[in-house]
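**Student:** Using the numbering used here, read the sequence shown as starting at 69 and increasing by one per residue.
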Amino acid sequence: MDWLEKLGFTGNPFFLEPINSSLKGFVDRAKEKDSLEKCIVTKKGKYILFGSTGLGKTSLLNIIEGYAEESNFVVIKTDFLHQQSKEDFYNQMIRGLEGIVEQDAKIKKKIGKSLQESKIVGRRKKRGKGIKPEISTKIGAVLLEFAIRVVGEKEEAEEVELFVQPYLQQAIEIFDESTRIITEVKPLVIISDNLDKLEEKTYRDILKTIVDGLPGHLVFLTTGNYTHLSLGNVVLTQKVFDLTIDIPGMETISRLREFVDGRMKTFVKDGTTPIHFPDNVLKVLLEKTRGNLRETFRYCFGAIIEHGNKINRSNMIETIKGIDTVLIKSIGEKNKDILRAMQEKERYTLVQLSSLTKIHKKTLWGRIKNLIQLNLIIKESGGMGRGKEDKYYVSSVVKEIID
Ligand SMILES: Nc1ncnc2c1ncn2[C@@H]1O[C@H](COP(=O)(O)OP(=O)(O)OP(=O)(O)O)[C@@H](O)[C@H]1O
Ligand SMILES: [Mg+2]
């Protein structure tokens, strides 16, 4: 019997990867799920799911992907995480199309025929020469691969050539024509995670592509974390999408409990919660993680490894301290000094902090920004307008783990 079984579990309730339709443990999110499902079944439109880090955007997207497949949609799944340009965007779209033609012979035949007839891709009897330059760029290679898929078998590969230049234009034409054909057969949804991970300028380019370039006869669904966006880009985003759906933050202890207990209940035989996380423990977790479920589950897992089913506030603080040791060490003494200086009062403005730490405002702001990202400092937005200043503070948990 392994240690998890001894505690009463059938598996690890606090795994960290995003949930998908074949993984157990998805808790609640009924409201957002329902809204997304309703958007999908309209078979067209552009939708964005907003939520801060670790709240469950990717998981919800995965669940919706499962729903779309069940509802007989064709799904293209991509991620903006590693995309840097419009070309990357179309690269991924063409790769998605490749997956579809692989799976559906009827769609493959139709696309092949249409692209050949419209002279977008086809067989020009010119062997060897002329192929090489085509595959010298990344998107060229992706397109060639696609052309081979739709119009020829592998051994004919060398004869397949793409007729139209330049590549990006070609990719767009192939994409438009293919999605038009697919939606004649089945509804299509493009699901793409992490829109907020794009660089600020690329973000605007891609939004423009989404507005001008995406056909109206399909569903486009993506996710974003608005805290990563500039105000200008938030406003632009609101304009581009038909609907923005927001995953509300984890505001209360009882809300966080639904997720912690919900996960445990899925991994027991009788639907009980084998371990009790007292309210003051959940309060510590909420303060430390700001509702980031990934972080919360990491600490929960650390706590049950170290303390089994006897979890209390002080041993949870010890666990957090242990897990954060490397992080706290790696931020360096200067940053630690800032955190130590913030122990006294409740809240500070940047000016107050600058005079307190004797660090120039500009340098200080750089450091504060990093510490906010690491969840060690919390920013309280003062809102817009004259005299409205942002304030900063450290949570009591952070005070306890900084020596
Ligand atoms: N509805 C849910 N029920 C239970 N656990 C969940 C749920 N949604 C997410 N989780 C868990 O929370 C953690 C974070 O989820 P996920 O990766 O989906 O968040 P995210 O919002 O995409 O994060 P990021 O902003 O870092 O991309 C994971 O451990 C995941 O398994
Ligand atoms: Mg995610």
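Just so it is clear, CB atoms sit at the ideal spot from N, CA and C, and this is done for glycine as well.
Thinking residue 113 and residue 287 are a contact (beta carbons under 8 Å), I'd like their distance in whole angstroms, please.
**Tutor:** Right, their Cβ atoms sit about 6 Å apart.
**Student:** Return yes when at least one heavy atom of ligand 1 lies under 7 Å from the C-beta of residue 84, else no.
**Tutor:** Yes - ligand 1 has a heavy atom lying nearer than 7 Å to the Cβ of residue 84.
**Student:** To the nearest angstrom, how far is it from the Cα of residue 456 to the Cα of residue 435?
**Tutor:** Approximately 22 Å, taken between the alpha carbons.
**Student:** Determine the DSSP secondary structure at residue 292, reduced to helix, strand or coil.
**Tutor:** Residue 292 falls in the strand class under three-state DSSP.
**Student:** According to DSSP, is residue 260 part of a helix, a strand, or is it coil?
**Tutor:** It is a strand residue.
**Student:** On the criterion of 16 or more Cβ atoms from any shown chain inside 10 Å, does residue 197 qualify as buried, or is it exposed?
**Tutor:** Here residue 197 scores only 45 on pLDDT, less than 50, and its place in the model should not be relied on; the value that follows carries that caveat. It counts as exposed.
**Student:** Ordered along the chain, which non-local residues of its own chain (more than five positions away) have a Cβ less than 8 Å from that of residue 293?
**Tutor:** Result list for residue 293: 118, 119, 120, 121, 125 and 264, in chain order.
**Student:** Residue 312 by DSSP, collapsed to three states: which one?
**Tutor:** Three-state DSSP puts residue 312 in a strand.
**Student:** Return the residue from the list 81, 362 and 104 that minimises the CA-CA distance to residue 310.
**Tutor:** Here the closest residue by C-alpha is 104.
**Student:** Under 8 Å between the Cβ atoms of residue 352 and residue 321?
**Tutor:** No.
**Student:** If you compare alpha carbons, which of 452, 241 and 260 is closest to residue 281?
**Tutor:** That would be 241, whose Cα lies nearest to the Cα of residue 281.
**Student:** Residue 175 by DSSP, collapsed to three states: which one?
**Tutor:** Helix, per DSSP.
**Student:** Tell me which residues share the same chain as residue 271 and place their Cβ nearer than 7 Å to its Cβ, disregarding the 5 neighbours each side in the sequence.
**Tutor:** Excluding residues within five positions, the ones whose Cβ falls inside 7 Å are 301.
**Student:** Measure the C-alpha to C-alpha separation of residue 414 and residue 78 and round it to an integer number of angstroms.
**Tutor:** Each residue's alpha carbon lies about 44 Å from the other.
**Student:** To the nearest angstrom, how far is the alpha carbon of residue 193 from that of residue 178?
**Tutor:** Caution applies to residue 193, whose pLDDT of 48 falls short of 50 and renders its modelled position unreliable; the value that the coordinates give is listed next. Each residue's alpha carbon lies about 22 Å from the other.
**Student:** Distance check for residue 333 and residue 269, CA to CA, integer angstroms please.
**Tutor:** Each residue's Cα considered, the two are about 44 Å apart.
**Student:** Is the stretch 139 to 146 in contact with the stretch 212 to 220, if contact means three or more CB pairs nearer than 8 Å?
**Tutor:** Taking 8 Å as the limit for Cβ pairs, the verdict is that the stretch 212 to 220 does not touch the stretch 139 to 146.
**Student:** Return yes when the C-beta of residue 123 is under 7 Å from any heavy atom of ligand 1, and no when it is not.
**Tutor:** Indeed, a heavy atom of ligand 1 lies less than 7 Å from the Cβ.
**Student:** Among residues of its own chain, excluding the 5 on either side of residue 150, which ones have a beta-carbon nearer than 8 Å to its beta-carbon?
**Tutor:** Only 156 meet the Cβ criterion.
**Student:** Just tell me which of 382, 427 and 276 has its CA closest to the CA of residue 465.
**Tutor:** Ranking 382, 427 and 276 by Cα distance to residue 465 puts 382 first.
**Student:** Hey, would you say the C-beta of residue 365 is under 7 Å away from at least one heavy atom of ligand 1?
**Tutor:** Residue 365: yes, Cβ under 7 Å from ligand 1.
**Student:** Distance check for residue 446 and residue 440, CA to CA, integer angstroms please.
**Tutor:** Those two C-alpha atoms are separated by around 6 Å.
**Student:** Give the DSSP-derived three-state secondary structure of residue 113 in the structure shown.
**Tutor:** Strand.
**Student:** Just curious, the alpha helix (DSSP H) that residue 402 is in, first and last residue?
**Tutor:** Counting along the chain, the alpha helix (DSSP H) containing residue 402 begins and ends at 400 to 409.
**Student:** Just tell me which of 324, 236, 401 and 362 has its CA closest to the CA of residue 160.
**Tutor:** The option with the nearest alpha carbon to residue 160 is 236.
**Student:** Tell me which residue opens and which closes the alpha helix (DSSP H) that residue 349 is part of.
**Tutor:** Here the alpha helix (DSSP H) through residue 349 covers 347 to 357.
**Student:** Going by C-alpha distance, which of 462, 454, 100 and 304 is nearest residue 412?
**Tutor:** Taking only the C-alpha atoms, the option nearest residue 412 is 462.
**Student:** Could you check what DSSP says for residue 147 in three-state terms: helix, strand or coil?
**Tutor:** Correct three-state label for residue 147: strand.
**Student:** Near residue 308, what residues of its chain come up, given a Cβ to Cβ distance below 7 Å and the 5 sequence neighbours on each side ignored?
**Tutor:** Counting only Cβ-Cβ distances below 7 Å, and skipping sequence neighbours, we find 114, 275, 278 and 279.
**Student:** Roughly how many whole angstroms lie between the Cα atoms of residue 424 and residue 358?
**Tutor:** Distance between the alpha carbons of residue 424 and residue 358 is about 26 Å.
**Student:** Could you tell me the alpha carbon to alpha carbon distance between residue 90 and residue 127, rounded to whole angstroms?
**Tutor:** Approximately 11 Å, taken between the alpha carbons.
**Student:** Is residue 365 helix, strand or coil when you go by DSSP?
**Tutor:** In the structure shown, residue 365 sits in a helix (DSSP, three-state: H, G or I).
**Student:** Shortest alpha-carbon distance to residue 355 belongs to which of 238, 131, 145 and 469?
**Tutor:** Minimum Cα distance to residue 355 is reached at 469.
**Student:** Between which two residues does the alpha helix (DSSP H) carrying residue 276 extend?
**Tutor:** 268 to 276 is the extent of the alpha helix (DSSP H) around residue 276.
**Student:** In the DSSP assignment, the alpha helix (DSSP H) including residue 131 goes from what residue to what residue?
**Tutor:** Element bounds for residue 131: 125 to 138.
**Student:** Out of curiosity, what's the CA-to-CA distance linking residue 397 and residue 146?
**Tutor:** Going by the C-alpha atoms only, they are around 36 Å apart.
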